[in-house]
Amino acid sequence: MSDVQTQFEHLCQQWQELTRAEARAIQAGNWAAVEQCQLAKTQLQPKLMAATDALRQAAAQQGRARQTEQHIQQLVGHLLSLERQNEAALAAQYDRVRQQQADLAQAAQTLRQLRRAYGGSAPATWQRWS
Numbered sequence: 013m014s015d016v017q018t019q020f021e022h023l024c025q026q027w028q029e030l031t032r033a034e035a036r037a038i039q040a041g042n043w044a045a046v047e048q049c050q051l052a053k054t055q056l057q058p059k060l061m062a063a064t065d066a067l068r069q070a071a072a073q074q075g076r077a078r079q080t081e082q083h084i085q086q087l088v089g090h091l092l093s094l095e096r097q098n099e100a101a102l103a104a105q106y107d108r109v110r111q112q113q114a115d116l117a118q119a120a121q122t123l124r125q126l127r128r129a130y131g132g133s134a135p136a137t138w139q140r141w142s
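Position in the sequence shown counted from 1, then plus 12, gives you my numbering.
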């Protein structure tokens, strides 16, 4: 295995580890950790792109462009699959939070209605003496 290929695979492994850590953080609702993972991937992305380009160039010089491209597509496809799983998990978390907000808004509305119906307009006793 060439140094270029080793570097590429190492960067893909780092991306995978970050994406899995991000998945755990999403499930735990640890948004600071999610942000850290995303920042780390943002910093890793240019390195991964450069390694991909270098691998393609090396493979073309060795007459292995087709095999290498298939290998790249396989690894990147796996990483994209993990990213889609995280995207779905984020969407599910977002839906849960939106439902909780709707439930809380409904509870607040019900409390306001109860206060109005059962004397919410009368001032508290301590306020009458001031």
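A virtual CB, placed ideally from N, CA and C, is assigned to each residue, including glycine.
Practice task
Would you tell me roughly how many angstroms separate the C-alpha atoms of Arg-108 and Ala-71, rounded to the nearest one?
Solution key: Taking the sequence shown and counting its residues from 1, one reaches residue 108 at position 96. Taking the sequence shown and counting its residues from 1, one reaches residue 71 at position 59. Taking the straight line joining both Cα atoms gives about 47 Å.
Practice task
Would you give the residue range spanned by the alpha helix (DSSP H) that Tyr-106 belongs to?
Solution key: Counting from one through the sequence shown, the residue named residue 106 turns up at place 94. 77-129 is the span of the alpha helix (DSSP H), which, as asked, contains Tyr-106.
Exercise for the section: For Leu-195, collect the residues of the same chain with a Cβ closer than 7 Å to its Cβ; drop the 5 residues on either side in sequence, then sort them by chain order. Expected result: A query on residue 195 cannot be resolved here, the shown segment of the chain reaching from 13 to 142 and no further.
Exercise for the section: Can you say whether Leu-92 is buried or exposed, counting buried as having 16 or more other CB atoms within 10 angstroms of its CB? Expected result: Taking the sequence shown and counting its residues from 1, one reaches residue 92 at position 80. By the 10 Å Cβ count, Leu-92 comes out exposed.
Exercise for the section: Pick helix, strand or coil for Gln-74, following the three-state DSSP scheme. Expected result: Here residue 74 refers to the residue found at position 62 of the sequence shown. Correct three-state label for Gln-74: coil.
Handout entry: Contact the stretch 56-74 vs the stretch 17-33: 3+ CB pairs below 8 Å
Key = yes
Problem - Proximity to Arg-68 [Cα-Cα], best of Leu-116, Arg-36, Gln-19 and Glu-99 - result: Residue 68 sits at position 56 when you count from the first residue of the sequence shown. The option with the nearest alpha carbon to Arg-68 is Gln-19.
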